[in-house]
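Below is one structure; the comments refer to it alone.
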Amino acid sequence: MKARFAQFLAAAAMIAGVAIAAAPASAQTDWQRHHPARAEINHRIAHQERMIRHERRDGEITRDQAHAMRAEDHAIRHEERADARADHNHGHLDHAQVRHLRHELNAAHGAMR
2 MKARFAQFLA AAAMIAGVAI AAAPASAQTD WQRHHPARAE INHRIAHQER MIRHERRDGE
62 ITRDQAHAMR AEDHAIRHEE RADARADHNH GHLDHAQVRH LRHELNAAHG AMR
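Just so we're on the same page, our numbering is the position in the sequence shown counted from 1, plus 1.
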């Protein structure tokens, strides 16, 4: 009886250890996904997409212009994800990266209009 109880305790401790080890990973992923700088950049890109759709629908820009703007946004989003994925960043962007991405967004949409 004592042996079975000891096995049960060992199994419960192992399961608890796995659950505790997994908790910080999910919290880190949530933090990475909702980091304020990343959220700002992604919000701006989503806003730009809405503006492209609106301007295309109203005939303010051509299909080719809309395509070029979306390609720029796609490249900026790819850069944002690559920057955040870098090992030294722990899933978020540093100040220099945020400034660079803001500059890229401003230049991409300011130059095409």
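The C-beta atom is built at its ideal place from N, Cα and C for all residues, glycine as well.
Query	Result
For ILE46 versus ARG78, is the C-beta spacing smaller than 8 Å?	yes
Can you give me the Cβ contacts of ALA109 inside the same chain, cut-off strictly under 6 Å, excluding the 5 residues immediately before and after it?	GLU73
Taking the beta carbon of ASP84 as the centre, do at least 16 other beta carbons fall within 10 Å, making it buried, or is it exposed?	buried
Quick check on the burial criterion: 16 or more other C-beta atoms within 10 angstroms. Buried or exposed for PHE61?	According to the sequence displayed, residue 61 carries Glu and not Phe. By the neighbour-count rule (16 or more Cβ atoms within 10 Å), GLU61 is not buried but exposed.
Report yes if the C-beta distance between HIS93 and HIS36 is below 8 Å; otherwise report no.	yes
Give me the residue from GLU81, ALA87, ARG51 and ARG82 with the minimum Cα distance to ARG71.	ARG51
With distances taken between CB atoms, is the gap from VAL99 to ALA40 smaller than 8 Å?	no
For LEU106 versus GLU80, is the C-beta distance shorter than 8 Å?	no
Return yes when the Cβ of ALA67 is within less than 8 Å of the Cβ of ARG57, no when it is not.	yes
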